[in-house]
Amino acid sequence: MATEQPTATAPPTGAATATAAGDATAVAHPNIALIKYWGKRDERLVLPWTDSLSMTLDVFPTTTRVRLDPAAGQDTVTLDGVPLEGEPRRRVVAFLDLVRERAGRPARAVVETGNTVPTGAGLASSASGFAALAAAASAAYGLGLDATGLSRLARRGSGSASRSVFGGFAIWHAGQPDHGADPDLGSYAEPVPVPVDELDPALVVAVVDAGPKAVSSREAMRRTVDTSPLYRPWAASSQADLADMREALRRADLDAVGEVAERNALGMHATMLAARPAVRYLSAATVTVLDAVLELRRSGVSAWATMDAGPNVKVLCRRAEADRVAGVVREAVRSGSVHIAGPGPAARLLDADA
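Under UniProt numbering, the first residue of the sequence shown carries the number 1, and numbering increases by one thereafter.
Given below as structure tokens:
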């Protein structure tokens, strides 16, 4: 009998000792959206125009430690041992300011992050990064959030991080513009029950370019929403795609899941190409991988492509066929790297002595 994915829970209360000392470490994994998040209706609260649905991966974890330092005059933030500067540092400090405001604790913090996913390359590094930061910071500052509250908090750092709070498949609700007096409450992620054993999904991740993007996702979103004549029609069709996706997942129909995911992703990139000026993340290597995926399908292999805001391609397939798909994609990529991922775990706190 097939088993459904486990429901994600809030980070374990066993980290209470770390919280009391103002020191907590968390790990989170990136997620890949099968129904895309693209475009904000509220920049400050990070509220999207549309709902989105994703699969958290079991590769590329981010580990973040947050340690309070009441004697410090400013936050210390490092990524892989290197001090963050500029906009990346500003985003982390702004997020910590939000946590401090909610906790009523003004202490500055030392933040140490280790990333195993290429940063800024369209591989959801901000999702795992801010999910881990949200879990560690909320524990260190003693917020005591449940999983829904943690998802709302992670959203304020990076929208897709709201989904990385959960393992397996998750849906991020856009919420309603008139959600009472506080629109923040209506936008959060939650798990989607999926018969994972029947679906048997894998994602083959083709890293054709691990370098940072020339145009950030934030800038690309703004430009697309503001100038692309295709954006509104895509947003409307995305809601229909979401309904089709949820039904396909319920039936554990991998081909239907892949078909919906691929059309949703290609539609999103079409909105960018129609922006003024255009945002083009697809490279020649990207197109080569897309062609290889199409040839796999023509040969009878269930393989479907999806892409985030970057040149790298993720190929949805059955786990039993993942090695074959990876071999074909690796031949197409040549100078890049290829990884096989399955559904991954929820964000969690690590024990102080781990």
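Where is the CB? At the ideal position from N, CA and C, for every residue including glycine.
Beta-carbon spacing of residue i, residue j below 9 Å
| i | j | result |
| --- | --- | --- |
| residue 68 | residue 22 | yes |
| residue 27 | residue 320 | no |
| residue 127 | residue 99 | no |
| residue 302 | residue 255 | yes |
| residue 207 | residue 339 | yes |
| residue 260 | residue 241 | yes |
| residue 355 | residue 131 | It is not possible to answer for residue 355, since the shown part of the chain is limited to 1 through 354. |
| residue 209 | residue 310 | yes |
| residue 335 | residue 284 | no |
| residue 267 | residue 304 | no |
| residue 24 | residue 66 | yes |
Cutoff 6 Å; reference residue i; Cβ partners in own chain excluding five residues on either side
| i | result |
| --- | --- |
| residue 77 | 84, 89, 92, 111 |
| residue 314 | 32, 203, 205, 306 |
| residue 337 | 207 |
| residue 129 | 62 |
Coarse secondary structure for residue i, derived from DSSP in three states
| i | result |
| --- | --- |
| residue 29 | coil |
| residue 173 | coil |
| residue 114 | strand |
| residue 280 | coil |
| residue 304 | strand |
| residue 139 | helix |
| residue 52 | strand |
| residue 72 | coil |
| residue 43 | coil |
Between the CA atoms of residue j and residue i - distance to the nearest angstrom
| i | j | result |
| --- | --- | --- |
| residue 121 | residue 212 | Because residue 121 sits at a pLDDT of 47, beneath the cut-off of 50, its placement in the model cannot be relied upon, and the following sentence gives the value as read from the coordinates. Each residue's alpha carbon lies about 5 Å from the other. |
| residue 296 | residue 279 | 28 Å |
| residue 140 | residue 332 | 45 Å |
| residue 194 | residue 351 | 29 Å |
| residue 247 | residue 276 | 35 Å |
| residue 343 | residue 56 | 6 Å |
| residue 356 | residue 324 | The structure shown does not extend to residue 356, since the chain is modelled only from 1 through 354, so no value can be given for it. |
| residue 327 | residue 47 | 39 Å |
| residue 162 | residue 294 | 32 Å |
Close beta carbons around residue i, own chain, < 8 Å, minus the five adjacent residues each side
| i | result |
| --- | --- |
| residue 37 | 48, 50, 52, 159, 160, 172 |
Curious, which full-length alpha helix (DSSP H) runs of at least 4 residues does the UniProt domain "Mvd1 C-terminal" (204 to 334) contain?
Segments of the alpha helix (DSSP H) lying fully in the UniProt domain "Mvd1 C-terminal" (204 to 334): 217 to 227, 231 to 250, 254 to 273, 284 to 298, 322 to 333.
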